[in-house]
Amino acid sequence: MADSLLPLPEATPTGRRLGRGSVALLVGLQLLLVASVVAGLYFSGQHLRGVVLDHTRSHAQVQAHNLEDSMTQSFNLLDMHLRALVAEHPEIQYAEQGVAPRDLEKALTALQNKLPYVRSLSVLERSGRVLASTQAANIGQQPALEPLLPHVAPHTPGVLRFGVPWRGRDFADGSPWPSTPGPEASSHARDAGFFPVTLVLPEAPQWTIVAAINSDYFINQALNHEAMPALRHQLYTDQGTLLLSTAEDDLPGTVLDGARLAAVLERQVGVAQWPGPRGDAWLVAFRPSRNYPWFVQSQASSTQVLQPWRRDMRQLALLAGLTLVLVLLTTGALTWRVRRSLQREEQRLEETRLAASVFAHSSDFIVITDRQGRIVTVNPAFERGTGFSAAEATGCLPGHLSPSHPVPAHLDAMWAAMATEGAWQGEVIDWRKDGTPLTGWLTVNAIRDSAGRVVNYVGVLHDLSRLRADEATIRKLSLAVEQSPTSIVITSTAPAIEYANPHFFHTTGYTPAEVLGANPRVLQSGQTSQATYEAMWAELVAGRVWQGEFVNRRKSGELYIENATIAPLVDDQGRITHYLGIKQDITAAKEAEKALRLAASVVANTHEGVMVCDAAQRIIEVNPAFTRITGYTATEVLGRKPSLLSSGRRSREQYPAMWQALNQHGHWQGEFWNRHKNGSLYAAASAVNALRDAAGQVTHYVSVFSDITERKHQQEQLERLAHFDPLTGLPNRALLADRLQQGLARAQRARQGLAVCFMDLDGFKAVNDAHGHDAGDDLLAEVARRLQGSIRAGDTAARLGGDEFVLLLGGLHHPRECEDTARRVLHAVALPIEVEGHTVHVSASMGISVFQRDGCEAEQLLRQADQAMYQAKQRGRNRYVLYAPGMADADPGSA
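Quick note on the numbering used here: the sequence shown kicks off at 395 and runs consecutively.
Below is the structure:
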């Protein structure tokens, strides 16, 4: 039957065509490999070339920086030592012109020994002649040092200046390098020479110290630290004159190209690529000195830099060629082997089809269909598992064996996948002959002939029905445990924790790795009594369930209370194998219970009155303090509205504002004047809160209030003491300042005048001395009464202190309007006054300042009135004086 189901493919030319096509494909892949290797070699070489050039530029920058830093430090050291000469040999600054100080040459020689890059140190007089030198041959010479950089006035002290390079060992046998090399330059090509550096000391400006700098020192220093032979280093002045170079073919004194010099001076620090003399490129890095007029330039020829790269690329190309030849030989041999393997393909297909005959012995359900999907045969396992015989199944479509049941949902997806991919697998549900569901994992494959045509479909179903049923039960139990809102713990009898659900880890803060396998005592806080644990174990060992409370500790150290139910788990033989613990964190409930008790105690014992109303504003609860403050007992007010406490003194806007705040914000705070049960009034500071349910509806109103009547009276008394004079009852200095500011604002808005009258009593000290301070106080009180009786109701009379008073007169249309009031006040003050049984006479001197323009401030008006008052005293007292510009120059002390 297997032969009829899976016929062997016939021998056709298709296999030979497949072999030739495969060989052609392999040859094409070989050609593609050759092209890929050549392209990869080329692009890799270009990348490496760029890397070499970038490395050279970076190295040149580093070397230029190092050389510049080294030379700058060397010249800083030279400058420091030269400046120290005067400190070490003070006789230099007092030496006469043309006469070398004694021991000067020894000092210069000692200094030269400290500086290995200095060939000689010489002292020049103003004429330029060498007066002293560490090289005796230099004495008497008059070297041509100009031009010197930086450009400053000759003999400028304190500036280190650099001259042009010289050839030779020193000034005695040398001469400056020419800027344009001549025929004789070749004989000096290996002579790096030196260059002069001068300094005029500020303490001895009659001398110029010249240092002959040894160029070889810095050249050797650069070469000793150079890791790239192709790199050459050059030192140029800011005018482009070459001072020294590590390259033997560079002649000192030559001048850098103008365009390149401009680029260097403009960019200061950077890299560039300049064309070379032989058509190549020069990679250049430059960096100026931080302190001196020269810059360092490090450069290398790209031809020299790329020589190692070219050598490596030639070696790489040779290696790649040899490797490619070896690969082509290898792939050629593989092509021959592939051709032979294709010839054996038909034999392997035959062996594969014969192996399919073993399907009869499989424990899985196997179904074979034709290319139209009709069942051709089934294996014995199929018959046993489904109840359908092979005869009943043959000729039917899979999934249509039970007409009374719906067609399985997987069929459409399966046939669609078979049409495109030739294979499908997935979990399916079908029906047995007895109507019970059949769950299994189905794998379907298409069987093709040598031409690639589908001949049969083979489906293999692994029965998962029992497994899925067990999994469903376990999954429900697992979900119940895993998603339980209580902690569930299973321990061994040791005990050791073997399982805990997520809520346990959430409650305790521990991770599975920290508690699994650990003893449950890891949760103990030490605050649960030992008797509790003993009672628990007595019940568990006896096989009974125990229930109680623990005070445990979370990983964070926080204590929590849990209600625990612990039961022993027993196997079929009745042996206890595990313990099951179901725990509920009741910390919040305990705290809430404690908070409720505390809240009730606080409300009952607080000194503030507490009144709770329902949503209809009826009183449902009050505390003892409520009775103490209002006089009403709880029995008298329960069920009534809070309006029974009203005194009628609330403002018209207070109630609407309170209800608006409660409706919008749920809170209001303010003060009420209420009426006690005995009829007396009291002030209450009240805070009202609206309590809402989960739906946002108001359920209660809570009012907390305290009696502030005494505090209100004290506040009113303090406010009066803060703003009024206790002796006269007049406004004091603070209230005067406030009213003066208000008066100025009104005057500016109304475009009216305002007068400030500063009054001082004449003869008050005599009354005070003759009759005592009590008499003086009575006199001041009487003057205050006369002042208030002499001014209008809208004006202000204030006492500043002592016998000084100030009047504020507002609403003036003309500055002279205040003079009538001033005369009236002076007349009233001058009338006789009875004090302590004696008749006394005093008068007053008054200064008046009138506000007529914007920009005049309160302090300025008071000061002007004060100055005018002193003028009144100087003019004979018992009079007033209007302030006029210029009075500020008068001396108040003269009064």
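A virtual CB, placed ideally from N, CA and C, is assigned to each residue, including glycine.
If GLU956 sits next to ASN946, beta carbons under 8 Å apart, how far is it from one beta carbon to the other, in whole angstroms? Taking the first residue of the sequence shown as 1, we reach residue 956 at position 562. Taking the first residue of the sequence shown as 1, we reach residue 946 at position 552. Sure, about 6 Å apart at Cβ, within 8 Å.
Proximal residues to THR901 (C-beta, below 8 Å), its chain only, five neighbours per side dropped: Counted from its first residue, the sequence shown places residue 901 at position 507. Counting only Cβ-Cβ distances below 8 Å, and skipping sequence neighbours, we find SER881, ARG948, TYR954, GLU956, LYS977 and ASP979.
May I have the straight-line CA-CA distance separating ALA754 from ALA866, to the nearest angstrom? Residue 754 sits at position 360 when you count from the first residue of the sequence shown. Residue 866 sits at position 472 when you count from the first residue of the sequence shown. The straight-line gap separating the alpha-carbon atoms of ALA754 and ALA866 is approximately 32 Å.
Taking the alpha carbon of ASP824 as the point to measure from, which residue in ALA817, GLY816 and GLY834 has its own alpha carbon closest? Position 430 of the sequence shown holds residue 824. Comparing alpha-carbon positions, the option among ALA817, GLY816 and GLY834 lying closest to ASP824 turns out to be GLY834.
Could you tell me if SER1239 is buried or exposed, where buried requires 16 or more neighbouring beta carbons within 10 angstroms of its beta carbon? Mapped onto the sequence shown, residue 1239 falls at position 845. Here SER1239 is buried: its Cβ has 16 or more other Cβ atoms, across all protein chains shown, within 10 Å.
Skipping 5 residues on each side, what residues in its chain have a beta carbon closer than 8 Å to that of GLY1188? Sequence index remark: in the sequence shown, residue 1188 carries index 794 (1-based). Same-chain partners within the cutoff: GLY1204 and GLY1205.
Secondary structure of ILE1185, DSSP reduced to three states: As a working note, residue 1185 is residue 791 in the sequence shown. Here ILE1185 sits in coil by DSSP.
Would you kindly work out how many angstroms separate the C-alpha atoms of THR1093 and VAL1006, rounded to a whole number? Numbered from its first residue, the sequence shown carries residue 1093 at position 699. Numbered from its first residue, the sequence shown carries residue 1006 at position 612. A straight line joining the alpha-carbon of THR1093 with that of VAL1006 spans about 11 Å.
Can you tell me whether ASN1017 is buried or exposed? The criterion is at least 16 other CB atoms within 10 Å of its CB, across all chains shown. Stepping through the sequence shown from its first residue, residue 1017 is reached at position 623. Buried, by the Cβ-count rule.
Quick check: the region 690-705 against the region 560-568, are at least 3 beta-carbon pairs closer than 8 Å? No: the two stretches stay apart, fewer than three of their Cβ pairs being nearer than 8 Å.
The region 1126-1136 touching the region 1252-1267, judged by at least three CB pairs closer than 8 Å: Counting C-beta pairs with one atom in each stretch, the region 1126-1136 and the region 1252-1267 have three or more that are closer than 8 Å, which means they touch.
Proximity to LEU1292 [Cα-Cα], best of VAL1229, ILE762, ASP1214 and SER1237: Summary: the structure shown does not reach residue 1292, with the chain confined to residues 395 through 1289, and so no result is reported for it.
With C-beta atoms as the reference, is PRO1309 less than 8 Å away from LEU595? Residue 1309 cannot be examined here, being either before or after the span of the chain that is shown, 395 to 1289.
Cutoff 6 Å; reference ALA811; Cβ partners in own chain excluding five residues on either side: Stepping through the sequence shown from its first residue, residue 811 is reached at position 417. Closer than 6 Å at the Cβ level, and outside the excluded window around ALA811, lie TRP818.
Can you give the Cα-Cα distance for THR520 and PRO551, rounded to whole angstroms? As a working note, residue 520 is residue 126 in the sequence shown. As a working note, residue 551 is residue 157 in the sequence shown. Here the sequence assigns Arg to residue 520, which means Thr is not the residue at that position. Taken atom to atom, the span from the alpha-carbon of ARG520 to that of PRO551 is near 13 Å.
Taking the CB atoms as reference points, tell me whether GLN628 and GLN691 lie closer together than 8 Å. By 1-based counting over the sequence shown, the position of residue 628 is 234. By 1-based counting over the sequence shown, the position of residue 691 is 297. With contacts defined by Cβ atoms closer than 8 Å, GLN628 and GLN691 form a contacting pair.
Measuring alpha carbon to alpha carbon, tell me which of LYS1035, LEU1032, TRP1067 and GLY1033 ends up nearest GLN1048. Along the sequence shown, read from residue 1 onward, the residue named residue 1048 stands at position 654. Of the listed residues, the one whose Cα sits closest to GLN1048 is TRP1067.
So within the region 647-701, which uninterrupted alpha helix (DSSP H) runs reach at least 4 residues, ignoring any that extend past its ends? Correct list: 652-661 and 696-699.
Cβ-Cβ distance between SER573 and THR648 below 8 Å: Within the sequence shown, residue 573 is the residue found at index 179, counting from 1. Within the sequence shown, residue 648 is the residue found at index 254, counting from 1. In this structure, SER573 sits near THR648, with a CB-CB distance shorter than 8 Å.
Chain-order list of residues whose beta-carbon lies under 6 Å from that of ALA531 (same chain, five-residue window excluded): Mapped onto the sequence shown, residue 531 falls at position 137. If you ignore the 5 residues before and after ALA531, its C-beta comes within less than 6 Å of the C-beta of ALA566, all in its own chain and listed in chain order.
Assuming CYS1007 is part of the beta strand (DSSP E), what are its boundary residues? To locate residue 1007, count along the sequence shown from 1; it is residue 613. Unbroken beta strand (DSSP E) run through CYS1007: 1003-1008.
Could you have a look at THR1122 and say whether DSSP puts it in helix, strand or coil? Taking the sequence shown and counting its residues from 1, one reaches residue 1122 at position 728. DSSP places THR1122 outside both helix and strand once states are collapsed to three, so it counts as coil.
Counting only runs of 4+ residues fully inside the region 1220-1277, write out the alpha helix (DSSP H) ranges in chain order. Look at the region 1220-1277 and you find these whole runs of alpha helix (DSSP H), each 4 residues long or longer: 1252-1268.
Distance, Cα to Cα, ASP397 vs ASP864? For the purposes of this step, residue 397 is taken as residue 3 along the sequence shown, with counting starting at 1. For the purposes of this step, residue 864 is taken as residue 470 along the sequence shown, with counting starting at 1. In this prediction, ASP397 has a pLDDT of 41, which is less than 50 and means its spatial position is unreliable; what the coordinates show is noted afterwards. It is roughly 41 Å from the alpha-carbon of ASP397 to the alpha-carbon of ASP864.
With distance defined between alpha-carbon atoms, name the residue in ARG1269, ARG1179, ALA1141 and ARG555 nearest to HIS1207. By 1-based counting over the sequence shown, the position of residue 1207 is 813. Closest by alpha carbon: ALA1141.
Touching by the beta-carbon criterion (3+ pairs, under 8 Å), the region 1018-1028 and the region 1119-1126: As far as the Cβ criterion goes, the region 1018-1028 does not touch the region 1119-1126, which means the pair count is below three.
Which first and last residues belong to the beta strand (DSSP E) in which ARG847 is found? Within the sequence shown, residue 847 is the residue found at index 453, counting from 1. ARG847 -> no beta strand (DSSP E), and no H or E assigned at all.
Integer Cβ distance of VAL512 from ALA586, believed to fall under 8 Å: The sequence position of residue 512 within the sequence shown is 118, counting from 1. The sequence position of residue 586 within the sequence shown is 192, counting from 1. With a beta-carbon spacing of about 15 Å, VAL512 and ALA586 fall beyond the 8 Å limit used to define contacts.
Using DSSP with H/G/I as helix, E/B as strand and the rest coil, what is LYS870? One-based indexing of the sequence shown puts residue 870 at position 476. Correct three-state label for LYS870: helix.
Rounded to whole angstroms, how far is the Cβ of VAL770 from the Cβ of ILE762, which I believe are closer than 8 Å? The sequence position of residue 770 within the sequence shown is 376, counting from 1. The sequence position of residue 762 within the sequence shown is 368, counting from 1. About 5 Å separates the beta carbon of VAL770 from that of ILE762, a gap short enough to meet the 8 Å contact definition.
Three-state secondary structure (DSSP) at LYS1035? Residue numbering aside, residue 1035 sits at position 641 when the sequence shown is read from its first letter. LYS1035 sits in coil when the DSSP states are folded into three classes, being neither helix nor strand.
Exposed or buried, GLU1002, counting other C-beta atoms within 10 Å across all chains shown (16 or more means buried)? Taking the sequence shown and counting its residues from 1, one reaches residue 1002 at position 608. Buried, because 16 or more other Cβ atoms sit within 10 Å of the Cβ of GLU1002.
Label HIS545 either buried or exposed according to how many other C-beta atoms from any shown protein chain fall within 10 Å of its C-beta, with 16 as the threshold for buried. Locating residue 545 in the sequence shown gives position 151, counting from the first residue. Classification for HIS545: exposed.
Alpha carbon to alpha carbon, how far is VAL721 from LEU400? Give it in angstroms, no decimals. As a first step, residue 400 must be located in the sequence shown, where it is residue number 6. As a first step, residue 721 must be located in the sequence shown, where it is residue number 327. For LEU400, the pLDDT reaches just 42, beneath the cut-off of 50, and the residue's location in the model is therefore unreliable, leaving the point undetermined.
Can you list, in chain order, the residues of its chain with a C-beta nearer than 7 Å to that of HIS459? Leave out the 5 residues immediately preceding and following it. Numbered from 1 along the sequence shown, position 65 holds the residue referred to as residue 459. Contacts found: ARG681.
Sort out for me which residues DSSP pairs TRP940 with in a bridge. Taking the sequence shown and counting its residues from 1, one reaches residue 940 at position 546. DSSP links TRP940 through a beta bridge to ILE960.
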